[in-house]
Structures are given as structure tokens and as C-alpha cells.
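Step one of this worksheet: look at the structure below.
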Amino acid sequence: MAAVTVKRLEGGLPWILWFFLGMAVLQPSDDLFRFVYFAGILPLTLYLYWYNRGHAQPLLRSLIPGVALLLFLFMSVTWSSHVSESAGRYFRWFLETVIFFAAVAWCGYQVRRENLAFGRYLHLIVLAAAIASLGLYIYQGNYPRRLEGIGLLGHPVMGSSVLVSLWALGTLDTKMHANRWLWLLMSAGIAVMAFVFLSQSRGPLLALFGFISCLIVLLLLKRRVTRYWGIALLALLAAGAAAVTETQLLASMIDRGDSYRLEIWTAIIGQWRGFWLTGVGIATPFPASEAGQAARGVTGITIAHPHNILISMWLFVGIPGVLLFSGFVLHVLKRVWYGLVSPWRGLGVAILLVTLALCFTDTYRLISSPRPMWVIFWLPFGFLLGWSVALPARPELDRDSGAAEREQG
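Shown next as C-alpha cells:
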């Protein structure tokens, strides 16, 4: 009886995760999707890892680099010069982020081990969120102002990054490349492209175009019927690029220049002597740091954060933090590269690259309560890590790249 219950709970955790993601982007109340995390994902994850601790050793070992990175980020609170939050609150954020990372890794592991569908759910969430946001945008007559959604989509750049991340991860599902589901992949992709463009978010837009280009190449390399979808996607991408160049919004995006990004990064790096080894500590507010004050001096405005994940790592936790972050990224990349076979290997690497691209200009805090960064960074990295660990249990699933077209589930 206990084994049957655990089996049901293992299959239920991915559903709770999809529900959490849907609530996070489809409604405005933070309390509702946080409740799903604290009442569902958190206790269930702890129970499943404890119950399966003897059988989940490979998955647990694979989590060590990510947990080490988060632990070091938390430890940096102790040498922060201007603590804006209590150490207890940062400890809670540390535990919340670790458990979310472990949860999505378990979901990736379970989904791959059991060959469960997940892409259609992610793409339906993305499609619904994008259409709802676009509908409100048009109804309220907000054009040509920047589009903002609800929930985790409330910030034009971070919201766009969340949708791009969810859509890109959904393409990893082999079932999404069967002919019966390609319409959903395409529809969700078009909706995301419209959302990102109207949000006037240049970083996510370039990341999305880069990922679609990789997806087109992978589709063109597959069997004849799927190649037609690749050609159609290529034509759509070309038409979208041509349409973009003829709009006022493109001129608006260009007129914004680099939005002080280069000035901010230059100012921070110019203060390297004050943080190069151990950083200023994650609890130090960026505006209160010498680097933040230098950024304010060159821009004339108060800058909230460094707007770059690597510079943020260096500023807040120094060289050890940069090494831990790089080691974690390389760890997941290695697992994906050696765990997947073509064409899924290329797709997995493309998802990792688009994730890093999304983190290049507007993300900075990897340890937090439920935030867009959970979806942008920890969701794809954790899911791909669990996915790759599960592959030895079902190696036959990736031997034939045409399995997706034959799969009717």
C-alpha cells in the first residue's frame, strides 16, 4: 500500500509543478502560487527524497554543485557590509530555492523515467498567459507602451524571459515533435514572440530568435514531414523579422540605446579592488555598495542591481562564487551532453544557452523566495539535470530520433 501511495505521489509532483507555474503567470496574486509551493511542492519534495533516499543516490549526487552554489551565496550574508534583510530571512530563501531546485530535478527525473508528457502543458500555459496579456493590452489601448502581464509576467523584461524559458523547455518533450502537437508548439511560439516584441524587451527577443534558429536546424535534420514544419517556422521567423523592422516599436527599442548597461558594467568592474576576492556579500544592497554608487555616478539614477548574472556573482560572492557558478553550469552541460543523443542533445544545449542568454542583462539574484528567477534559471537547469540522470534507466527512448513521431501519447 505504501509503495502504491508513493508511486502516486511521484506522478503527482509534476502536476503540482505545472499548476504552480500556471498560477504564477495566469493570475496576479503572489499568495496563491506561493501557497501551491509551500503546501504542495515543498512537503512532497522532502517526502519523496526521504522515502527514495536509497534509490535516488545518482540524482542526489547530481544536485551537489547547485546546492553548494546556493549554500555559498547564503554564507556570504555573514560578510555583507550593509545587511538589508535578516540572516534568518536569507536562510529561509536559501531553503526555499534549494527545495524548488530539488523539486524540478525530481520532476525531470520522473518525467523522463516514465516517458510522461509535459511539453503540451507548458505550451498551453504559455499560450494562455500570452493571449490573456495581449488581449488586455489591446483592450486597454496600451499600444505602443510596453506590454506587461500579470503575476510573474508583471515586469516587461523578466516576464518575457519567463515565457521564453517555459516555451523553450516545453520543446524538449519528444511528444511535442509529433505531427499532432506541432501546431501547439508553433502557436505558443508565435504568442511568445508577440508578447516579447510588444514588451520591447531586446535581450529576451534576441534570445528567443537564437533559440528558434536552433530549433529550426533540429527540425530540418529530422524526417521529411517534420522538415516541412522547420521550413514553415523558418518562413515565420523571416516574416516576423521583416515585420519588426517596419514598426515604431523597433525604433523605440533602438532609441533606448543600451539602457545604461555598458555604463553600469564598466562602473562595477572599475571598483573590482573592493570585491574581487570574496565579494560584498549577497545581503548588501547594490545601491549601497561602492560599485552601486559608482553606477549611480555615471548614469545619474539609482540602479537596483548589476543587470548581469556573471558580474553579479563576482560582485556579491567574489571569485569563489564565479567558480561555483561556472562549475554548476558546466556540470549540467556535461550531464546533458553525455546523457542525451542527437537531436535531443543539441536541443538540451540550446535550452541551456538560451537560459544563460536570458540571464545576461537583467537577472542577478539566484537565492530568493518565489521569483521569476526560479522559472528563468532553476527550472530549466534543474529539469535538464534530472532528465539526464534518468536516461540510463530508459536508454531506448533516445536511440531513435523518430520516436517522437511514432509516439501518440
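Using UniProt numbering, read the sequence shown as starting at 1 and increasing by one per residue. Backbone N, C-alpha and C define an ideal beta-carbon position, used for all residues, glycine too. These figures come from a predicted structure and were not determined experimentally.
Here DSSP, grouped into helix, strand and coil, assigns Gly300 to coil.
Residue nearest to Thr45 within the set His307, Phe101 and Val332 is Phe101 (criterion: CA-CA distance). When C-alpha distances from Leu352 are compared across Leu208, Ile64 and Leu70, the shortest belongs to Leu208. Here Asn308 is buried. Its C-beta has 16 or more other C-beta atoms within 10 Å. Just measuring C-alpha positions, the residue of Tyr109, Phe19, Leu330 and Asn179 sitting nearest Leu48 is Tyr109. Rounded to the nearest angstrom, the gap between the Cα atoms of Val67 and Gln140 is 44 Å.
Between Arg335 and Leu385, the C-beta gap is smaller than 7 Å, which places the two residues in contact. In the three-state reduction of the DSSP assignment, Thr278 falls in the coil class, being assigned neither a helical nor a strand state. Judged by DSSP secondary structure, Glu96 falls within the alpha helix (DSSP H) whose first and last residues are Ala87 to Glu114. Separation of Ala390 and Pro343 (C-alpha to C-alpha, rounded to the nearest whole angstrom) is 18 Å.
CA-CA distance, Phe38 to Val104, rounds to 14 Å. Here DSSP, grouped into helix, strand and coil, assigns Arg365 to coil.
Assignment of Thr5 by DSSP, reduced to helix, strand and coil, places it in the helix class. Sorting Glu263, Thr361 and Phe286 by C-alpha distance to the C-alpha of Leu205 places Thr361 at the top. Note on geometry: alpha-carbon atoms of Ile282 and Trp93 lie some 12 Å from one another. Three or more Cβ pairs closer than 8 Å define a contact, and the stretch 8 to 23 meets that threshold against the stretch 115 to 131. DSSP places Trp344 in the uninterrupted alpha helix (DSSP H) bounded by Trp344 to Leu358. Bounds of the alpha helix (DSSP H) holding His331 are Ile309 to Gly339. Sorting Leu315, Leu70, Leu379 and Trp387 by C-alpha distance to the C-alpha of Ser161 places Leu379 at the top. Taking 4 residues as the minimum length, the alpha helix (DSSP H) runs contained wholly in the stretch 156 to 222 are 156 to 170, 182 to 198 and 202 to 220, in order along the chain.
A buried status is given to Pro156, since no fewer than 16 other beta-carbon atoms sit within 10 Å of its beta-carbon. In the pairwise beta carbon analysis, the stretch 264 to 272 is classified as not touching the stretch 56 to 65: fewer than three pairs are separated by under 8 Å. Between the alpha carbons of Ile190 and Gly274 lies a gap of roughly 46 Å. By the Cβ rule, the stretch 162 to 174 does not count as touching the stretch 308 to 328, because fewer than three pairs are nearer than 8 Å. The beta carbons of Leu95 and Leu366 sit about 14 Å from each other, so the pair does not count as a contact at 8 Å.
For Pro370, the CB contacts under 8 Å within the same chain, skipping 5 residues up- and downstream, are Ala24, Asp30, Phe33, Arg34, Tyr37, Glu96 and Phe100 in chain order. Val98 and Val332 have their C-alpha atoms roughly 16 Å apart.
Counting only the Cα atoms, Gly40 lies some 16 Å from Trp374. Between Thr299 and Glu263, the gap from beta carbon to beta carbon is short of 7 Å. Ala130 has its alpha-carbon roughly 9 Å from the corresponding atom of Leu153. For the options Phe328, Pro287, Leu184 and Trp387, the alpha carbon positioned closest to that of Ser81 is the one of Pro287. In terms of Cα proximity to Gly382, the closest of Val329, Tyr260 and Tyr338 is Val329.
One alpha carbon belongs to Trp276, the other to Leu182, and they sit about 48 Å apart. In this structure, the CA atom of Phe195 is about 14 Å from the CA atom of Leu26.
Its Cα nearest to that of Leu324, the residue Thr278 stands out among Ala304, Thr278, Arg145 and Arg296.
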